[in-house]
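Enquirer: Quick note, in full-length UniProt numbering, the sequence shown goes up one by one and the last residue is 313.
Each residue gets a CB set at the ideal place from its N, CA and C atoms; glycine is no exception.
Just so we're clear, the structure is a prediction, and the values are computed from it rather than from any experiment.
Pasting in a structure now, in structure tokens, and then I'll have a few things to ask.
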Amino acid sequence: MSSAPNHGAVNVADTGLSTKPVSAVSIAGHAKQVFSHVRIENLVAGLSGGVVSTLVLHPLDLVKIRFAVSDGLDFRPKYSGILHCMKSVWLQEGLKGLYQGVTPNVWGAGASWGLYFLLYVFFSYSYNAIKGYAKEGRQTDLSATEHLVSAAGAGMLTLTLTNPIWVTKTRLVLQYNADPTSKQYKGMIDALVKIYRYEGVSGLYKGYVPGLFGTSHGALQFMAYEELKRDYNKYKKVPSDAKLNALEYITMAALSKIFAVATTYPYQVVRARLQDQHNKYNGVMDVIRRTWREKSIRLKLNSRRSGRANVLM
Numbered sequence: 001m002s003s004a005p006n007h008g009a010v011n012v013a014d015t016g017l018s019t020k021p022v023s024a025v026s027i028a029g030h031a032k033q034v035f036s037h038v039r040i041e042n043l044v045a046g047l048s049g050g051v052v053s054t055l056v057l058h059p060l061d062l063v064k065i066r067f068a069v070s071d072g073l074d075f076r077p078k079y080s081g082i083l084h085c086m087k088s089v090w091l092q093e094g095l096k097g098l099y100q101g102v103t104p105n106v107w108g109a110g111a112s113w114g115l116y117f118l119l120y121v122f123f124s125y126s127y128n129a130i131k132g133y134a135k136e137g138r139q140t141d142l143s144a145t146e147h148l149v150s151a152a153g154a155g156m157l158t159l160t161l162t163n164p165i166w167v168t169k170t171r172l173v174l175q176y177n178a179d180p181t182s183k184q185y186k187g188m189i190d191a192l193v194k195i196y197r198y199e200g201v202s203g204l205y206k207g208y209v210p211g212l213f214g215t216s217h218g219a220l221q222f223m224a225y226e227e228l229k230r231d232y233n234k235y236k237k238v239p240s241d242a243k244l245n246a247l248e249y250i251t252m253a254a255l256s257k258i259f260a261v262a263t264t265y266p267y268q269v270v271r272a273r274l275q276d277q278h279n280k281y282n283g284v285m286d287v288i289r290r291t292w293r294e295k296s297i298r299l300k301l302n303s304r305r306s307g308r309a310n311v312l313m
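Structural data, given as structure tokens:
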């Protein structure tokens, strides 16, 4: 039965009330808009960037991890600095030694950055679509906090999928013996199998909790990058989404990376120590407590040695 015509109908738009649609079709339209921005190019860009940078910089990553777990134990090599560490590894094992653990690092970096870029774009546009839906279709630039939340969500999902790869990388990097026959792990797959066999799933997810804090590294980097880019374009009086040239992109990326590393570096020490096969810790707080105590003892010993040297001089 047809309804009677409503001659006294009021145009909702004239009342100033919200006219945002609430139908399933409208919601589907917003979802389609979000997914239209998620492209394979984001995955490929992140993956290729992660792989190339890892292949070039892996020796420095090896040095960073070895310094992070340095606790004065007798079996660990002693290094006086970055160059001394690289030289020592080169003399003992050659180029192969400097690239120990590169396979899981390439896999991990490629997968992580590929997924991170893909998920970050997805979360960002999802956030904007929700804002647009709530504000009658009007979409605006995301705030710094919204960029931070989008990047953090992408980081948490990425870490959950890739943490086992990072554990194997750390284990391979911390094999100090130059003799291949005496090494605990023969490669990435062997490490994954042995860790699962002897330590279970928990072994593959060692360092996961500090790693979750570490997702703030990428979140802070992306937030800083987006804010720098937006402010820079505002200074140039161009649209906020205007493209930068190659030098400008590199500068923005470098500055945002420095900011993120300086803010979150301690978590990397905690994570590396939890994943280290040579030492056992009872969780994050145990790592922090023992590391603090160990560094305090070293500082006291160094100050005593300096005092003796000053007396002799």
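If I follow the unbroken alpha helix (DSSP H) through K236, where does it start and stop?
Expert: Residue mapping note: residue 236 aligns to position 236 of the sequence shown, counting from 1. First-last of the alpha helix (DSSP H) with K236: 208-236.
Enquirer: Please state whether the Cβ-Cβ distance between A154 and Y116 is less than 9 Å.
Expert: Position 154 of the sequence shown, counting from 1, holds the residue named residue 154. Position 116 of the sequence shown, counting from 1, holds the residue named residue 116. The answer is yes: Cβ separation under 9 Å.
Enquirer: I need the straight-line Cα distance from I189 to G101, nearest angstrom please.
Expert: Your numbering for residue 189 matches position 189 in the sequence shown. Your numbering for residue 101 matches position 101 in the sequence shown. If I take the Cα positions, the gap works out to 11 Å.
Enquirer: Along the chain, where does the alpha helix (DSSP H) that runs through K87 open and close?
Expert: Along the sequence shown, one-based indexing puts residue 87 at 87. Element bounds for K87: 82-98.
Enquirer: Taking the alpha helix (DSSP H) that Q184 belongs to, which residues open and close that run?
Expert: Position 184 of the sequence shown, counted from the first residue, corresponds to residue 184. Run containing Q184: none; DSSP gives neither H nor E here.
Enquirer: Could you give the distance in angstroms between the alpha-carbon of residue 386 and the alpha-carbon of T264?
Expert: Any question about residue 386 goes unanswered here, given that the chain covers just 1 to 313.
Enquirer: Report yes if the CB atom of A151 is closer than 9 Å to the CB atom of M223, and no otherwise.
Expert: Taking the first residue of the sequence shown as position 1, residue 151 is located at position 151. Taking the first residue of the sequence shown as position 1, residue 223 is located at position 223. Closer than 9 Å, so yes.
Enquirer: Could you give the first and the last residue of the continuous alpha helix (DSSP H) run that contains K169?
Expert: As a working note, residue 169 is residue 169 in the sequence shown. Looking at the DSSP string, the run of the alpha helix (DSSP H) that includes K169 is 144-173.
Enquirer: Here's a check: name, in chain order, each residue in its chain whose Cβ is nearer than 7 Å to the Cβ of K194, leaving out the five neighbours to either side.
Expert: Counted from its first residue, the sequence shown places residue 194 at position 194. Contacts found: Y185.
Enquirer: Using a 10 Å radius around the Cβ and a threshold of 16 neighbouring Cβ atoms, would you call S256 buried or exposed?
Expert: The count along the sequence shown starts at 1 and reaches residue 256 at position 256. Under this definition S256 is a buried residue.
Enquirer: Given a threshold of 16 other Cβ atoms within 10 Å of its Cβ, counted over all protein chains shown, does Y198 qualify as buried or as exposed?
Expert: The residue you call residue 198 lines up with position 198 of the sequence shown. So Y198 counts as exposed.
Enquirer: Would you list, in sequence order, the uninterrupted alpha helix (DSSP H) runs of no fewer than 4 residues that lie entirely inside the region 234-302?
Expert: 246-275
Enquirer: Using a Cβ-Cβ cut-off of 6 Å (strictly less than) and excluding sequence neighbours within five positions of D61, which residues of its own chain qualify?
Expert: Position 61 of the sequence shown, counting from 1, holds the residue named residue 61. No residues qualify anywhere along the chain.
Enquirer: Which of helix, strand or coil does DSSP assign to Y125?
Expert: Translated into the one-based positions of the sequence shown, residue 125 becomes position 125. Looking at Y125 - three-state DSSP - the assignment turns out to be helix.
Enquirer: Going by C-alpha distance, which of A242, L244, V149 is nearest S216?
Expert: For the purposes of this step, residue 216 is taken as residue 216 along the sequence shown, with counting starting at 1. Residue V149 is the option with its Cα nearest to S216.
Enquirer: Using only CA atoms, which one of C85, L220, A45 lies nearest to T145?
Expert: The count along the sequence shown starts at 1 and reaches residue 145 at position 145. Comparing Cα positions, the closest option is L220.
Enquirer: In whole angstroms, give me the CA-to-CA distance for E93 and L57.
Expert: Looking up residue 93 in the sequence shown gives position 93. Looking up residue 57 in the sequence shown gives position 57. Using only the alpha carbons, I get a separation of about 18 Å.
Enquirer: Would you please state the rounded distance, in angstroms, between the beta carbons of R273 and T291? I believe it to be under 8 Å.
Expert: Taking the first residue of the sequence shown as 1, we reach residue 273 at position 273. Taking the first residue of the sequence shown as 1, we reach residue 291 at position 291. At roughly 7 Å, the Cβ-Cβ gap stays under 8 Å, so R273 and T291 are in contact.
Enquirer: Grab me the residues of I165's own chain with a C-beta within less than 6 Å of its C-beta, minus the 5 sequence neighbours each way, in chain order.
Expert: As a first step, residue 165 must be located in the sequence shown, where it is residue number 165. The residues are P104, W107, G108.
Enquirer: Using the Cα positions of K183 and A254, report the straight-line distance between them to the nearest angstrom.
Expert: For the purposes of this step, residue 183 is identified with residue 183 of the sequence shown, where counting begins at 1. For the purposes of this step, residue 254 is identified with residue 254 of the sequence shown, where counting begins at 1. In this structure, the straight-line span from the alpha carbon of K183 to that of A254 is close to 37 Å.
Enquirer: Buried or exposed for H84, please, with buried defined as at least 16 other CB atoms from any protein chain shown within 10 angstroms of its CB.
Expert: Position 84 of the sequence shown, counting from 1, holds the residue named residue 84. Classification of H84: exposed, given that the 10 Å Cβ count is below 16.
Enquirer: What is the DSSP secondary structure of P104, counted as helix, strand or coil?
Expert: Your numbering for residue 104 matches position 104 in the sequence shown. Here P104 sits in helix by DSSP.
Enquirer: Among Y249, N163, I288, which residue has its Cα nearest to the Cα of Y208?
Expert: One-based indexing of the sequence shown puts residue 208 at position 208. Out of Y249, N163, I288, N163 has the C-alpha closest to the C-alpha of Y208.
Enquirer: According to DSSP, simplified to helix, strand and coil, what is V56?
Expert: Position 56 of the sequence shown, counted from the start, is the residue given in the question as residue 56. Here V56 sits in helix by DSSP.
Enquirer: W113 and G49 look like a contact to me (Cβ under 8 Å); what is the Cβ gap, rounded to whole Å?
Expert: Counted from its first residue, the sequence shown places residue 113 at position 113. Counted from its first residue, the sequence shown places residue 49 at position 49. Rounded, the Cβ-Cβ distance is 6 Å, consistent with contact.
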